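Notes follow once the structure below has been shown.
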Amino acid sequence: MIPLPPSTRVYLACGATDMRKGFDGLAVLVQQVLEQSPHSGALFAFRGKRGDLIKLLWFDGQGMCLFSKRMDRGKFVWPVTKTGKVNLTSAQLSMLLEGIDWRRPERTAAPLLAG
């Protein structure tokens, strides 16, 4: 996982993004769609049309970082909103990257007896 400070803001660009875009193309989407500065220190997440590829754009203070992850099986859980963006916590981002439905995480029941 990316070592993000706990106060890092996380934004998802809702809908499908052209995954051929690199640093510059995604930075333009951050400005136009998410209405944020790509150099703000926030992390910006984009998902492809098929749902199995995600790209993360982050300015670490020295330069832009571009991370990508492709799921072998399954898809990344992605919201649909009218605003085109969603804010997440670092914990929700961790669940998203693991393929867990971060909107409704289910806790497992604790065992009644030890052993």
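Residues in the sequence shown are numbered from 0 upward in steps of one, following numbering that gives the first Met the number 0. Virtual Cβ for every residue (Gly too), placed ideally from N, Cα, C. The structure displayed is predicted, hence computed values, not measured ones.
Give me, in chain order, the residues of the same chain whose beta-carbon lies closer than 8 angstroms to that of residue i; leave out the 5 immediate sequence neighbours on both sides.
{"i": "Ser115", "result": "Examination of residue 115 is not possible in this model, given that the chain is present from 0 through 114 alone."}
Skipping 5 residues on each side, what residues in its chain have a beta carbon closer than 6 angstroms to that of residue i?
{"i": "Val32", "result": "Ala12, Gly83"}
{"i": "Thr16", "result": "Phe45"}
{"i": "Leu92", "result": "Val9"}
{"i": "Met18", "result": "Gly47, Leu52"}
{"i": "Leu3", "result": "Ser89"}
Excluding the 5 residues flanking residue i on each side, which residues of the same chain have their C-beta closer than 7 angstroms to its C-beta?
{"i": "Arg69", "result": "Asp51, Leu52"}
My assumption, with CB atoms under 8 angstroms, is that residue i sits in contact with residue j. Please give the rounded CB distance.
{"i": "Ala41", "j": "Val9", "result": "7 angstroms"}
{"i": "Leu87", "j": "Leu96", "result": "Not a contact, Cβ separation roughly 11 angstroms."}
{"i": "Gly21", "j": "Leu65", "result": "7 angstroms"}
{"i": "Gly73", "j": "Gly47", "result": "Actually they are not in contact, since the Cβ atoms of Gly73 and Gly47 sit about 14 angstroms apart, beyond 8 angstroms."}
Which term fits residue i, buried or exposed, when burial requires 16 or more other beta carbons within 10 angstroms of its beta carbon?
{"i": "Met90", "result": "The sequence shown places Ala at residue 90, not Met. Ala90 comes out exposed."}
*Only counting runs of 3 or more residues, tell me where the beta strand (DSSP E) segments fall wholly within the segment 54-100, in order along the chain.*
The segment 54-100 contains these whole beta strand (DSSP E) runs: 63-69, 84-87.
*Three or more beta-carbon pairs under 8 angstroms between the segment 52-63 and the segment 80-91, yes or no?*
The segment 52-63 vs the segment 80-91: no contact.
*Mind pulling the alpha helix (DSSP H) runs of 4 or more residues that sit fully within the segment 9-48?*
Within the segment 9-48, the complete alpha helix (DSSP H) segments at least 4 residues long are 22-31, listed from N- to C-terminus.
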